[in-house]
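Residues in the sequence shown are numbered from 691 upward in steps of one, following this note's numbering. Where a beta carbon is used, it is the ideal one built from N, C-alpha and C, also for glycine. Computed from a prediction, not measured in an experiment: that's the story for all the values here. The structure appears right after this line, and notes come after that.
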Amino acid sequence: MSHRKRQRNTPQRRIVLEELRKAASHPTAAELHKAVRERLPKISLGTVYRNLDLLSQLGEVQKLEWGGAEIRFDGNPKQHYHIRCLRCGGVGDVHRPPLDVSADDLQQSGYEVLGHRLEFIGVCPRCRNDDAEKTTDSLNNEEE
Ligand SMILES: [Zn+2]
Ligand SMILES: [Zn+2]
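Next up, the structure:
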């Protein structure tokens, strides 16, 4: 009995959730593991992953899963769009209103539309900055 109770609402899960909510970066399980280990030195990556899976099933967090890309997690369970950097794989939030799923062209598909997935892709500000620095560097080198 006490075993079941422990599984239901473990302090581990609470800490995983707290750390994920603190992180603005949509971390991977491994990145979050690092942060959680500051508070729970003995916790394993597997345990962090299991708790993240469970939290996403409970609708407390979002699992960002896209074909081939690294799985990331989002402490914000509300629907919002993401943009992924093609260089570093980083993920940011996009603040725009959601698409209208009752639109005519969707209704014409004959499907009952339950939702949608949409991810923007691009190059993040940090990677763009790196590019700019490299360009300046090579220009400087040419001048020498
Ligand atoms: Zn980037
Ligand atoms: Zn997000």
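Backbone secondary structure at CYS817 - three-state DSSP | The sequence position of residue 817 within the sequence shown is 127, counting from 1. In the structure shown, CYS817 sits in a helix (DSSP, three-state: H, G or I).
Can you tell which of ASP783, GLU802, THR718 has its C-alpha closest to the C-alpha of LEU808?
-> Here residue 808 is taken as the residue at index 118 of the sequence shown, counted from 1. Checked all of ASP783, GLU802, THR718; the closest Cα to LEU808 is ASP783.
DSSP puts GLY812 in a beta bridge; with which residues?
-> Position 122 of the sequence shown, counting from 1, holds the residue named residue 812. DSSP output for GLY812 lists CYS775 as bridge partner(s).
For GLY765, which residues from the same chain have a beta carbon less than 6 Å from its beta carbon, with the 5 sequence-adjacent residues on both sides left out?
-> Residue mapping note: residue 765 aligns to position 75 of the sequence shown, counting from 1. For GLY765, where only same-chain residues beyond five positions count, the Cβ hits under 6 Å are LEU710, ARG711, VAL751.
For ARG729, which three-state DSSP category applies?
-> Residue numbering aside, residue 729 sits at position 39 when the sequence shown is read from its first letter. ARG729: coil per DSSP, three-state reduction.
Pair every Cβ in the stretch 717–725 with every Cβ in the stretch 745–764, then say whether three or more of these pairs are closer than 8 Å.
-> Put simply, the stretch 717–725 touches the stretch 745–764. At least three CB pairs are less than 8 Å apart.
Mind checking ARG816: buried by the 16 CB within 10 Å criterion, or exposed?
-> Taking the sequence shown and counting its residues from 1, the one referred to as residue 816 is at position 126. Label assigned to ARG816: exposed.
So is VAL781 buried or exposed if we call it buried at 16+ other beta carbons inside 10 Å?
-> Within the sequence shown, numbered from 1, the residue matching residue 781 stands at position 91. Counting Cβ neighbours within 10 Å, VAL781 comes out buried, since at least 16 surround it.
Is GLY757 near ligand 1, going by C-beta to nearest heavy atom under 8 Å?
-> For the purposes of this step, residue 757 is taken as residue 67 along the sequence shown, with counting starting at 1. GLY757 Cβ: outside cutoff for every heavy atom of ligand 1.
Buried/exposed call for LEU804, threshold 16 Cβ in 10 Å | If you number the sequence shown from 1, residue 804 lands on position 114. Classification of LEU804: exposed, given that the 10 Å Cβ count is below 16.
Work out the CA separation of LEU730 and ASN741 for me, nearest whole Å.
-> As a position in the sequence shown, residue 741 is number 51, starting the count at 1. As a position in the sequence shown, residue 730 is number 40, starting the count at 1. Those two C-alpha atoms are separated by around 14 Å.
Own chain residues within Cβ distance below 6 Å of TYR771, not counting five before or after | Translated into the one-based positions of the sequence shown, residue 771 becomes position 81. Cβ neighbours of TYR771 beyond the five flanking positions: VAL784, LEU808.
For THR826, which of helix, strand or coil comes out of DSSP?
-> Stepping through the sequence shown from its first residue, residue 826 is reached at position 136. THR826 falls in the helix class under three-state DSSP.
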